[in-house]
Amino acid sequence: MAHHRAGRMSEGPADDGRYDSSVHARRRKGAPMSRPVISQFLRDRRGSAAVEFAILAPVLLSLVAGGVFYSRWFTVAAQTQNLASDGARAAVAGIDDAERNSIVTNLMAGAVVRVPLEKGATRTWRASRDGDLYSVTVTTTLPDYDLSRLIPMPDRQVTRGAVVVIPQATG
Numbered sequence: 011m012a013h014h015r016a017g018r019m020s021e022g023p024a025d026d027g028r029y030d031s032s033v034h035a036r037r038r039k040g041a042p043m044s045r046p047v048i049s050q051f052l053r054d055r056r057g058s059a060a061v062e063f064a065i066l067a068p069v070l071l072s073l074v075a076g077g078v079f080y081s082r083w084f085t086v087a088a089q090t091q092n093l094a095s096d097g098a099r100a101a102v103a104g105i106d107d108a109e110r111n112s113i114v115t116n117l118m119a120g121a122v123v124r125v126p127l128e129k130g131a132t133r134t135w136r137a138s139r140d141g142d143l144y145s146v147t148v149t150t151t152l153p154d155y156d157l158s159r160l161i162p163m164p165d166r167q168v169t170r171g172a173v174v175v176i177p178q179a180t181g
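Heads up: the sequence shown begins at 11 in our numbering, then just goes up one per residue.
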């Protein structure tokens, strides 16, 4: 039987030159790892998928969360613009500024049911006249999301406006 310093060499039909693992298992604690153990560790590919997933998962989850948050922001921006446009169009039907303001107020009160807000969001509006121009401005303030500190987000306040021309009565 051949002897080797690092361990016992096996002899027989399955002799492939590898070291007997029982010798390495009895290695004293704190002793430096021998070269065969280090090279075996570097060749071992088990668990590499878990390591890759641990590295890539936060990036992928950030991309998905960013997509969800931005799609929600674009939806709120479109809803806010639609409300401002609806308010300005409805104001055209009024005879005077008091009636126009009443029409816009009723429209915005109904918007609470037609275009609901998520929990923590608020909506304000303002209507004004400047000469022949009647403008309606709607501002929706979104809640502060927990992940917004990790993902760059647009402004929480979404302000959109619409203007219609209402000629002043002459005469």
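Idealized CB from N, CA, C, for every residue including glycine.
Owing to the predicted nature of the structure, the values given are computational and were not obtained by experimental measurement.
Residue ranges of uninterrupted alpha helix (DSSP H) with 4 or more members, entirely inside the region 102 to 137 and ordered along the chain, are 107 to 124.
Rounded to whole angstroms, Thr169 and Ala67 show a C-alpha spacing of 35 angstroms.
Ranked by Cα distance from Ser158, the options Arg56, Leu52, Gly141 and Tyr80 are led by Tyr80. In the three-state reduction of the DSSP assignment, Arg53 falls in the helix class, which pools H, G and I. The Cβ-Cβ distance between Ala121 and Arg110 does not fall below 7 angstroms. For the pair Gly171 and Pro153, the CB atoms are not nearer than the 7 angstroms cut-off. At least 7 angstroms separates the beta-carbon of Thr90 from that of Thr151. Restricted to the region 142 to 177, the beta strand (DSSP E) segments that are unbroken, complete and at least 3 residues in length are 143 to 151 and 167 to 175, listed in chain order.
Take Thr147, set aside five residues on each side of it, and the residues of its chain with a beta-carbon closer than 7 angstroms to its own are Ala94, Trp135, Arg136, Thr169 and Gly171, in chain order. Asp142 and Leu117 have their C-alpha atoms some 22 angstroms from each other. Residue pairing of Arg139 in beta bridges, as defined by DSSP: Tyr144.
Secondary structure of Ala179 (DSSP, three-state): coil. Taking Gly104 as the centre and dropping the five residues before and after it, the same chain places the C-beta of Arg110 and Ile113 closer than 7 angstroms to its C-beta, in chain order. Exposed is the label assigned to Gly57, since fewer than 16 other Cβ atoms lie within 10 Å of its Cβ.
Annotated as proximal: Tyr144 and Ile176, with beta-carbon spacing under 7 angstroms. Distance between Ala179 and Leu71, taken at the CA atoms: about 59 angstroms.
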